[in-house]
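Number of protein chains: 6
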Amino acid sequence: MPYVTVKMLEGRNDEQKKALVEKVTEAVVETTGASKDKVAVFIEEMSKSDYAVGGKRLSDE
Amino acid sequence: MPYVTVKMLEGRNDEQKKALVEKVTEAVVETTGASKDKVAVFIEEMSKSDYAVGGKRLSDE
Amino acid sequence: MPYVTVKMLEGRNDEQKKALVEKVTEAVVETTGASKDKVAVFIEEMSKSDYAVGGKRLSDE
Amino acid sequence: MPYVTVKMLEGRNDEQKKALVEKVTEAVVETTGASKDKVAVFIEEMSKSDYAVGGKRLSDE
Amino acid sequence: MPYVTVKMLEGRNDEQKKALVEKVTEAVVETTGASKDKVAVFIEEMSKSDYAVGGKRLSDE
Amino acid sequence: MPYVTVKMLEGRNDEQKKALVEKVTEAVVETTGASKDKVAVFIEEMSKSDYAVGGKRLSDE
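Protein chains in written order, with my numbering: chain A, 132 to 192; chain B, 132 to 192; chain C, 132 to 192; chain D, 132 to 192; chain E, 132 to 192; chain F, 132 to 192.
The structure is reproduced here in structure tokens:
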């Protein structure tokens, strides 16, 4: 606690994901006062065929 | 905003998923007054081995 | 199954929410072939102080 | 209803997942009074590269 | 880890919720081999006006 | 896209929540390359009576 979920399109590489969880965790610790070891981060990746904005999937653009 | 998540068993084909996001987006726009380009839809597919009703997974039926 | 979650800002009235679940359910049935009584819809309302785009909460605009 | 989601690291085998949904469903029925056939359970598995505690992914340890 | 979310209609009393998290946690520990102190449970309560099955909200029945 | 959800105990004040969404958004932009105006952040607050670790709710400790 806190629990952070980042939902984004697939395609980021491993270094980006490693940096993402580090920086997001720091941001949460700094602003909420939670202790670092209590912060969990989950990455959820979406495919372009499972995500639409304005009624159109990214895979159909 | 609004953000719509549709969680369902895997197996729908690409045309069904394309139609799903179109029709669901229209339904949301029509009833909430949100502008179409602000509506996001996420499809999440489940495997039969990860979904149970009444304590029994669909893969065990 | 399917399970649909609509996350949106609070403020829609009861008639809008009633229409929303009806129309979204019809859209899902029509496009996925699911039987109507199997479709569940959840509405989740957000406060403007708990939702941000571009790093700014709607309550701070 | 109730709807139960169990999010955990991938790696449990099929027997464990089968037992998990059975036992969790029983626990929910026993304590909430819901009828068994109304309880749905979803299993969501995470990869070690998409899950971090304390700013560090399990795949980086 | 594991993280368990139980989504249900509001109305259970405090004793039921206390028992629910205890029993569900035991079920998860017993079947997944996770250590008890690693299991987190979240209860999310829904209003009858925000939940529909078959296109009809429970508050409209 | 990306969509970030921060789930935490209720009790942070408005300034903390404002800073949280700012800093988390910056962290996501910096590490994923997403444009800032595409990042959405949702805050979800939990009550101590709806959250348990190790089978015990925080409200029962």
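The beta carbon of each residue, even a glycine, is placed where N, CA and C say it ideally should be.
Min CB distance residue i to chain F below 9 Å
| i | result |
| --- | --- |
| E/Glu175 | yes |
| E/Glu157 | yes |
| C/Asp168 | no |
| B/Ala171 | yes |
Min CB distance residue i to chain B below 9 Å
| i | result |
| --- | --- |
| F/Tyr182 | no |
| D/Glu161 | no |
Chain D contact for residue i (CB, 9 Å cutoff)
| i | result |
| --- | --- |
| B/Arg188 | yes |
Pick from the options that is closest to residue i, judged by C-alpha positions
| i | options | result |
| --- | --- | --- |
| A/Glu141 | D/Asp181, D/Lys169, D/Val159, D/Gly186 | D/Asp181 |
| C/Ser178 | C/Asp145, C/Ser190, C/Leu151 | C/Ser190 |
| D/Lys167 | D/Glu176, D/Val152, D/Glu192, D/Glu175 | D/Val152 |
| A/Ala165 | F/Thr136, F/Met132, F/Glu192, F/Arg143 | F/Arg143 |
| B/Ala150 | B/Ile174, B/Met132, B/Glu192 | B/Ile174 |
| A/Met132 | A/Asp145, A/Lys169, A/Glu146 | A/Lys169 |
| E/Thr136 | E/Glu176, E/Glu146, E/Glu192 | E/Glu176 |
Nearest-angstrom Cβ-Cβ length linking residue i and residue j, presumed shorter than 8 Å
| i | j | result |
| --- | --- | --- |
| F/Lys154 | A/Thr156 | That pair is no contact at about 11 Å. |
| E/Lys138 | D/Tyr134 | 4 Å |
| D/Val172 | B/Ala183 | 4 Å |
Heavy atom of the ligand FMN within 8 Å of residue i beta-carbon
| i | result |
| --- | --- |
| B/Thr136 | In the structure shown, the ligand FMN is absent, as is every other ligand, since no ligand is present at all. |
Per-residue burial, residue i [other beta carbons within 10 Å of its own, 16 or more giving buried]
| i | result |
| --- | --- |
| B/Gly186 | buried |
Test: residue i CB closer than 9 Å to a CB of chain E
| i | result |
| --- | --- |
| F/Gly185 | yes |
Any chain C beta carbon closer than 9 Å to residue i
| i | result |
| --- | --- |
| B/Lys154 | yes |
Give the residues from the region 138 to 152 of chain E that approach chain F closer than 7 Å (Cβ to any Cβ), ordered along the chain. Asp145, Lys148, Lys149, Val152
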